[in-house]
Every structure is written in structure tokens, then in C-alpha cells.
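Numbered as in my numbering, the sequence shown ends at 178 without a single skipped number.
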Amino acid sequence: MAEPEHGVSRDDVKKIARLARLHVEDSQCGAIADDLNGILAWIEQLGEVNVEGVEPMTSAVDMRAPMRPDIVTAGGIRDQILANAPKAEDGFFVVPRSVE
């Protein structure tokens, strides 16, 4: 009995492209499916790596993020901030209208 086909098919590529609102030519679907299947195989291969005793990390370099003091200020510099704006009105930034 033949093993069922796994991975991404040409039809899957078409569906994913439609959902992502991407235009993909039919002639490209096979190559894209092959690329996606290669990526998925590599991800599956990562699952075979023994990570017993390895601590999770956010960076390959052991360092801490610089932290600034969390100090509450009165603010009150609205006029200084608005002085940098190309256009301001009634204490607010004025931006071009994006929806008519």
C-alpha cells in the first residue's frame, strides 16, 4: 500500500497564495511547493536535535538588554514637541488626510 502524500501540494500553494492575496502563476506553483516542502523537512529535522539540558535563550550572545530608570515625569513639553511638527493645530499634530 502506498504511503499517503505529505507536505505542500500545488493546490495548497494556490490556496495559500489566494489567502495571502498574492498572485502566483500556475507555472510557479510546483517550484514554490518544492521550496515549502524543503523548509518543512528542515524544520522537522530540527526536531531530531537533542536539546536536553540546553537552556532557552533569546540571543546567541549572553547579554542583558539595557534598562532605563522607570521615572514618572510631569511631561508638560507639548509646545516643544509640536514645534518640530510641520503643522499643528489646537495642540495636536495635523497630518494629511488618508481617506476621503
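C-beta atoms are modelled at their ideal positions from N, C-alpha and C, and glycine is treated no differently.
Worksheet item: Alpha carbon to alpha carbon, how far is residue 117 from residue 96?
Response: 20 Å
Item to complete: Note down the Cα distance separating residue 172 from residue 150, rounded to an integer number of angstroms.
Response: 28 Å
Discussion item. According to DSSP, is residue 167 part of a helix, a strand, or is it coil?
Written reply: strand
Discussion item. How far does the alpha helix (DSSP H) with residue 111 in it extend, from its first residue to its last?
Written reply: 104-124
Worksheet item: Does the region 148-166 come close enough to the region 120-133 to have 3 or more Cβ pairs within less than 8 Å?
Response: no
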